[in-house]
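Position one of the sequence shown corresponds to residue 938 (the working numbering), numbered consecutively onward. Here's the structure, in C-alpha cells; my notes come after.
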Amino acid sequence: MRRYSNKKLALGALLLAVVILAILALLPGREQGSELPSLADSVAPRQTAPAGSPLSMGSVFGSVTENDRLALAVNSQGQLRVSERGSGYAWYSNPQQEAMALEQVQGYWRRALESPFIVEYLDLTGIATEVISASAADLDTKVTFHELDGGVEIAYDLQKIDLQFSYLLRLTDEYLEVTIPDDRIRESGNARLVRLWALPMFGALQGASHTGYMFVPDGIGALIPFDPTTSYSIQYASGPIYEEDVLYPVFGMASGEHGFVGIIDEGEYTARVVATPGGMYTTFNWVTSPFVYRQDYFKLTSLFGEGFQMFQEARTREDRRLRYYLLSGDEADYAGMAGVYRRYLMEAKGLDRQTQPAYPLDLYVMGGDREKALLGRRQVPVTTFAQASEMVRALSEAGTGPIDVTYKGWEHKGYLQATPERLPPSAQLGGADGLAALAEAVHARDGKLYLGDNFATAYSTGSGFEPKRDAIRDYNGKVVSEGLELGVTEYTPKPYLSWRYMRDSLDEYRELGADGIYHEGLGERLQADETLEAPLSRRETAAVYGAMLAETAERLGAARVEHGHAYTLPYADHIGSLPFDTSYDRLASVKVPFYPIALHGLVSYAGIPINVQEEAQTAFLQTLEYGALPSYLLTYDDPARLKHTLSDGIYSSEFRIWQERVQQQYAELKAALEPLASQFIVDHRQLAPGVYETIYEDGTRIVVNYTGRLHTAGTLAVGPGDYAVAKGDGA
C-alpha cells in the first residue's frame, strides 16, 4: 500500500445531447440567468450485483471465450491473457513469471506489477486529503467470476476497505473490451474512490529484452522509446482528455511484430493517459489510462489565497470503458494504431469516407478589432468586406481556388468581443449589405463563406453578458475568468447560454449568405460548470457543444471547428488550426502524425495558418507531410494597425505581400494533394533524421526534407528544405 498527499460522442453522448435539447425545448420562456438542471443524478445507474452464473477459476489461466482470431483466459487472481490463435503470441494484463524473475523491485511496486488494478482512495477515518494508493494484495482482495455473453465478469471485493467493483470483459476478433459499470461500484465502508487504474500493466514490456515504444496522445502524437540504459525520475502524465494538448482518447505500445492500441470508449471526460518508462519504478514500460472518480481542487478559506486540498464529495457517476485493440504485423506501429483509430471513428462514431476530392484554399480574413480610445473603445478595420471581395477576385483570377473564406472580426464590436450581441456586422467594414455582397462574390467563384465565431467565450467588453449570472463557476463557487491585455477579462458562458446565443444568430447568418460557422471555441475548450444549483459535467458540456455543431450544420449547411478535439468529429465538416506539434514533454520526445493519419479521408483539416508561423517554409512542408489543406490568415492592410488590440499577435498578413506566395504554394500543394484528398494514409515513417515519407492507399509517396542536405530516397532526390512526390501504381 502506498500513501502520498495529492497536490493538486459515443451513443451515450448523443443521447445526452438529445435530452438536453428536449429540456431546452420544454423551457422556451426561461430567463437568461436561469440554470439548466443537472443530468448527473437522472442518468446515474443504481447499484446492481453481477447477474451471470458463478464460474470457478484456478491459479493457472483458464479459457473463458474465443473466436477465430483471439482467445481470452483468466486466473484466480483476476489476471487475464489474450492470445492470438494463429501465432500463439499473448498479451497479458500483468508480467509473467519469466519476466518477473528479472525484476528486482520489491514492496509496493512489485505488488502493483502483479495486480489487475491500482486503486486510489480516501479514508474518511484518517486525513481527509491524503490519497492512499493500493494494489489487490494490499487490500485483501477477493475475486469472483461470473458468466457474461462473449466474455466474463470479474468482481473485485477489496475486503480491507469494503470497496467493490467489476470488470466486464468482452472479446471480439479485433479487441478486448473492458467495462467498469458504475452500478457495480460499492463504497460500503469509509473508503471513497478517487482514481481507478484498470489493467494498468496490460502489455507491459521490459526494455532490456524488447525494442519498441509507447504511444501517447500528446498534441499531434508522440512516442516514448524504450531505453533500458536510462534511469528516469519522471513519467508522462497528460492532463484530462480534451484539455488543450490532448485531442483524442488513445494510447498504445508497439514492439516488433506486435502491439496494442487502447481507446477510451466511454468515460474519457474523466480520464488521463500515463506512460511510465522502464527504469523509473520498475524495469517495465507501461502505458494506461486512469479514471478519475473524484476530482481534487484547492478549497479557498480566505481572500489571500489560503486554503487546503479537497475532493468532490460525490463521485462522477458514469460507466467507464476501454477497448484494447490487439495488433500484429503491419498494424503494429503508430501508423497502424492510427489506422485502427480511423476504423473506430467510422464504426463507433459514424464518420464516413469523404467522397468529394476537392482541395480548396483555407483562407482566413481578419476584418478588424477594437483598441482603447479616449472615450471607450474604437474599431480598427484592416479588411473591409469590399476589400475581402477584391482579395478573393485577385486570387481566383490567378487560378487559385476554390476558396473557402472564413471571415473573422466581422462583429460590430470587433473580433469576438460582442457576446451575446454580435450582430449587426460592423458598419465600418461595410455593414450587413457589404457582408452579403462578399458572400455573393465568394459564391460566384464557387467558394464558400464562413463566419468565425466563438460562442464558448465572452469578454468584459461585451454587452448583455453578466458574469455573475451567466458564466461558469469553479468548485469554490468563483466565476471562472482570465485577465487579458488591455484590461479585458475573458469568461466562459454556461453551455446552454452559448447554445442560446448561437440559436438567436443563425437566421441572420443565413440571411447574410453564410455557408456555416467556424466555431473557434467548441473544439478547443471543454470545462465543467460547478455552479452549485445546476452543475454541468465536462461530458454534458461536450454533448451541448456537439448539439450546437449539429444544429449549425442543419440550419446553415456546415459546421467548422478550431483545434479539433475528437468529441467534435461526428459533427465537424472541417478542422482549422489543427496542432501540428506536441507539448514538448521531456519524455514524449518523438513527434508522429497520428491524428492526421487517422483523420485523412474522413474530415478535412488545416494547420495553423502558414504565414503566421515562425517558420513558414516548415509549415508548408508539414502541410505536405500531413496531407492538410493550405491555410493562410490575410488582411488587406498592414496588421501593425492591430498592435493595440487583442489581435496584436498577427505580424505578417498583408495581402499585397503574401498574394504571390499564396498562389504559388497553393498551386504546388493542390497538384500534390488534391488527387489524394479522399484517400487514407496507410503508412508514415522517418527515412533519415529530418526526412519523412507519407504513403497513401494508391501507393503515392510524398517525401519531405526538413534538413539542409540533399536526400535520396530510392529514385527520389529531395533537395534541402524541399519535397518530392512519387505517384503510386493506383494513381
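Glycine residues also receive a C-beta, built at the ideal position from the N, C-alpha and C atoms.
Would you mind reading off the limits of the alpha helix (DSSP H) that contains Ile1534? 1531-1536
Whole-angstrom distance between Phe1248 and Tyr1234, CA atom to CA atom: 6 Å
Residues sharing a beta bridge with Gly1651, DSSP: Answer is none; Gly1651 lacks a bridge partner.
Does DSSP put Pro982 in a helix, a strand or coil? The predicted model places Pro982 with a pLDDT of 48, which falls under 50 and marks its position as unreliable; any figure quoted below should be read in that light. Here Pro982 sits in coil by DSSP.
With 16 other CB atoms within 10 Å as the buried threshold, where does Tyr1179 fall? buried
Which whole-angstrom value is the C-beta distance of Ser1589 and Asn1548, which I expect to be below 8 Å? 6 Å
Flag Thr1292 as yes when its Cβ comes closer than 8 Å to any non-hydrogen atom of the ligand ZN, and as no otherwise. This structure simply doesn't include the ligand ZN, nor any ligand for that matter.
What are the partner residues of Ala1092, as DSSP defines its beta bridges? Thr1081, Ser1103
Should the region 1386-1395 be regarded as contacting the region 1338-1349, the criterion being three or more beta carbon pairs within less than 8 Å? yes
In whole angstroms, give me the CA-to-CA distance for Pro1137 and Pro1154. 17 Å
Roughly how many angstroms lie between the CA atoms of Arg1622 and Val1527, to the nearest whole one? 12 Å
In three-state terms, what does DSSP make of Gly1424? helix
Leu1486 to Ala1496 span [Cα, whole Å]: 6 Å
Give every residue of the same chain whose Cβ lies closer than 7 Å to the Cβ of Tyr1112, excluding the five residues on either side of it in the sequence, and list them in chain order. Arg1260, Tyr1261, Tyr1262, Leu1263
With a CB to CB cut of under 8 Å and the five nearest residues on each side skipped, what residues in its chain are close to Asp1164? Gly1144, Pro1214, Gly1215, Gly1216
Span of the beta strand (DSSP E) holding Arg1260? 1257-1265
Quick check: what's the CA-CA separation for Thr1166 versus Val1640? 33 Å
Once DSSP output is grouped into helix, strand and coil, what is the label at Pro1318? strand
Quick one, which of Gly1424, Ser1397, Glu1422, Leu1423 has its alpha-carbon nearest Val1416's? Ser1397
Given this structure, state the Cα-to-Cα distance separating Thr1489 from Tyr1508, to the nearest angstrom. 9 Å
Endpoints, the alpha helix (DSSP H) within which Phe1402 is located: It is not in any alpha helix (DSSP H) - Phe1402 carries neither H nor E in the DSSP assignment.
Please list, in chain order, all residues of the same chain as Ala1650 whose beta carbon is under 6 Å from its beta carbon, the five residues on each side excluded. Leu1624, Val1640
Using 10 angstroms around the beta-carbon of Gly1044, count the other beta-carbons present and answer buried if the total reaches 16, otherwise exposed. exposed
So, at 6 Å on beta carbons, what are the nonlocal neighbours of Ser1168 in its own chain, with the 5 sequence-adjacent residues on each side left out? Gly1216
Can Gly1199 and Ser1175 be called in contact, C-beta distance under 9 Å? no
Could you tell me the boundaries of the alpha helix (DSSP H) in which His1380 lies? 1368-1381
Starting from Met1283 and walking both ways along the alpha helix (DSSP H), at which residues does that stretch end? 1271-1286
Nonlocal neighbours in the same chain, by C-beta distance under 8 Å from Ser1039, ignoring five residues either side: Here residue 1039 turns out to be Leu, not Ser, going by the sequence shown. The residues are Gln1143, Ala1145, Ser1146, Thr1220.
May I have the straight-line CA-CA distance separating Phe1517 from Arg1307, to the nearest angstrom? 30 Å
Residue of Glu1348, Gly1338, Lys1405 minimising C-alpha distance to Arg1382: Gly1338
For Glu1284 and Ala1369, what's the separation of their Cα atoms in angstroms? 43 Å
Leu1610 and Gly1564 closer than 9 Å at C-beta: yes
Quick one, which of Ala1036, Pro1032, Leu1061, Phe1082 has its alpha-carbon nearest Leu1050's? Pro1032
Applying the 10 Å Cβ sphere with the 16-neighbour rule, what's the burial state of Thr1652? exposed
For the region 1604-1654, which segments carrying the beta strand (DSSP E) assignment without a break, of at least 3 residues, lie completely within its bounds, in sequence order? 1618-1625, 1628-1633, 1638-1642, 1648-1650
Are the region 1184-1195 and the region 1444-1455 in contact at 8 Å, needing three or more beta carbon pairs? no
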